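Asker: I'd like to ask you about the structure that follows.
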Amino acid sequence: MKILLTGAAGFIGFHTAKTLCERGDEVIGLDNFSPYYDPALKEARAAELEHLPNFTMVRGDILDRSTVQKHMAGVDRVCHLAALAGVRYGFEHPQEYVDTNIKGTFHIFDEARLQGIPGVVYASSSSVYGNNKELPSSEEHRTDRQESIYGMTKKDNELMAYTYHSTYGLHLTGLRFFTVYGPWGRPDMALFIFADALLHGKSLPIFGHGKMQRDFTYVDDIVAGIIASIDKNYPYELFNLGCGRQEELMEYVRMVEVACGKEAEKEFLPMQPGDVVATSADISKAQNMLGFQPKTMIQEGVPRFVEWYRGYYEI
Ligand SMILES: NC(=O)c1ccc[n+]([C@@H]2O[C@H](COP(=O)([O-])OP(=O)(O)OC[C@H]3O[C@@H](n4cnc5c(N)ncnc54)[C@H](O)[C@@H]3O)[C@@H](O)[C@H]2O)c1
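Read the sequence shown against numbering that gives the first Met the number 0 and you will find it ends at 314, with the numbers running on by one and no gaps.
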């Protein structure tokens, strides 16, 4: 298939593009190399992808409608992962989040409608569940109380998807990712911050006094779920994509310590705005309908990240 993949220079987009190309699809990556975090890391990911004969990188913005129009022409699927993805940055930059995540997504959905694209898969987030107390979170649960601007924009994408399906019949699958980690990961996420601090002899900032739980999902498992969604092309669905295990933050920290071969000095700090106490995914729907089966647990995934980090930064 020919696939337009937005956010291809991003963490999940990079891995998705690589896997799609390796199985023989033709991928057009669209990314504006947003400076939200180190663009050099995005350039390095893009350079890896540009070695692949069936990959083309377009440096462009989803806010520019004509760019979206031009590069969507003739594709079989759209995989929309571009977004401003950090929870905390959103509190100081709500306008940028509404522009990129809502207006940008509108451009994608509306252009897909106009061009009669057979199927669109887009990234939502576990953030739509807010501070729901009922865990594990299921697609059946209420999602009308987000705790962040970021989460609100992702919920908005889901609403827009439903209406684009019900009104125009566009095929749309939304994926609620749960804390994704792995090689080439994002510098604003916990694993990167922990490894960076530990390997540079700094203390680890531990938010929520370490009393948080997360469903940490290895990036290869997420990519498998994305690709299954592209292939199944259901008319309209929402799926949780998580590992399906609720891990203690301190166990995650311990895994980083083991992988780095050092014990960290820890700085216990309060919860940050937008943080939720626990996330945990009920993945039975994705298991049944996508054949989704997470394979990598943190004991294996965290060392793989640390190995990548050491190699990439030559430590
Ligand atoms: N990583 C996670 O744990 C996680 C969890 C839940 C949801 N998600 C969602 O998954 C998707 C991918 O996340 P990621 O972790 O790879 O983030 P990322 O920031 O690494 O990737 C997003 C990419 O989108 C690009 N982008 C931003 N604004 C753009 C614009 N206006 N035009 C074109 N490109 C633009 C960025 O440059 C970046 O390369 C996002 O939609 C994110 O909200 C991620």
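The beta carbon of each residue, even a glycine, is placed where N, CA and C say it ideally should be.
Please read all numbers here as calculations on a predicted model, not as lab measurements.
#1: Is the beta carbon of G181 sitting closer than 7 Å to the one on Y217?
#2: Quick check on the DSSP output: what are the complete alpha helix (DSSP H) runs of length 4 or more inside the stretch 180-206, in order along the chain?
#3: Would you kindly work out how many angstroms separate the C-alpha atoms of T99 and G89, rounded to a whole number?
#4: State yes or no: is the C-beta of A295 nearer than 6 Å to some heavy atom of ligand 1?
#5: Could you check how far apart the C-beta atoms of A72 and Q114 are, in whole angstroms? I think they sit under 8 Å.
#6: If you measure between the beta carbons of T166 and F215, is that distance less than 7 Å?
#7: Skipping 5 residues on each side, what residues in its chain have a beta carbon closer than 8 Å to that of Y233?
#8: Tell whether a beta-carbon distance below 7 Å holds between L254 and I297.
#9: Could you compute how far the alpha carbon of L248 sits from the alpha carbon of K231?
#10: Check whether the Cβ atoms of R87 and S125 sit closer than 7 Å, and answer yes or no.
#11: State yes or no: is the C-beta of L158 nearer than 6 Å to some heavy atom of ligand 1?
#12: Less than 7 Å separating the beta-carbons of E133 and S202?
#13: Any contact of the stretch 183-195 with the stretch 145-152, i.e. 3+ C-beta pairs under 8 Å?
#14: Once you ignore the five residues that flank H14 on each side, which residues in its own chain have a CB closer than 6 Å to its CB?
#15: Sort R76, V77 and E91 by Cα distance to L83 and report the nearest one.
#16: Quick one: grab the DSSP three-state call for N287.
Answerer: Reading it off the structure:
#1: The residue labelled residue 181 in the question sits at position 182 within the sequence shown. The residue labelled residue 217 in the question sits at position 218 within the sequence shown. Taking 7 Å as the Cβ cut-off, G181 and Y217 qualify as a contacting pair.
#2: 189-198
#3: Within the sequence shown, the letter at position 100 stands for residue 99. Within the sequence shown, the letter at position 90 stands for residue 89. Cα to Cα, the separation comes out at about 11 Å.
#4: To locate residue 295, count along the sequence shown from 1; it is residue 296. Sequence inspection shows Thr at residue 295; the Ala mentioned does not correspond to that position. Flag unset: Cβ of T295 not near ligand 1.
#5: For this step, residue 72 is matched to residue 73 along the sequence shown. For this step, residue 114 is matched to residue 115 along the sequence shown. Indeed, because the Cβ distance is near 7 Å, the residues count as touching under 8 Å.
#6: Within the sequence shown, numbered from 1, the residue matching residue 166 stands at position 167. Within the sequence shown, numbered from 1, the residue matching residue 215 stands at position 216. Against a cut-off of 7 Å, the Cβ pair of F215 and T166 comes out as no contact.
#7: Taking the sequence shown and counting its residues from 1, one reaches residue 233 at position 234. H170, T172 and M288, listed in sequence order.
#8: For this step, residue 254 is matched to residue 255 along the sequence shown. For this step, residue 297 is matched to residue 298 along the sequence shown. Reading off the sequence, residue 254 comes out as Met, not Leu. Yes. Within cutoff.
#9: One-based indexing of the sequence shown puts residue 248 at position 249. One-based indexing of the sequence shown puts residue 231 at position 232. One C-alpha to the other measures close to 34 Å.
#10: Along the sequence shown, read from residue 1 onward, the residue named residue 87 stands at position 88. Along the sequence shown, read from residue 1 onward, the residue named residue 125 stands at position 126. No, these two residues do not count as a Cβ contact at 7 Å.
#11: As a position in the sequence shown, residue 158 is number 159, starting the count at 1. No.
#12: Along the sequence shown, one-based indexing puts residue 133 at 134. Along the sequence shown, one-based indexing puts residue 202 at 203. Result no, Cβ atoms of E133 and S202 do not sit closer than 7 Å.
#13: no
#14: By one-based count along the sequence shown, residue 14 stands at place 15. Closer than 6 Å at the Cβ level, and outside the excluded window around H14, lie V218 and V222.
#15: What you label residue 83 is simply residue 84 of the sequence shown in a count that begins at 1. Looking at the Cα atoms, E91 is the closest of the given residues.
#16: Locating residue 287 in the sequence shown gives position 288, where the first residue counts as 1. N287 falls in the helix class under three-state DSSP.
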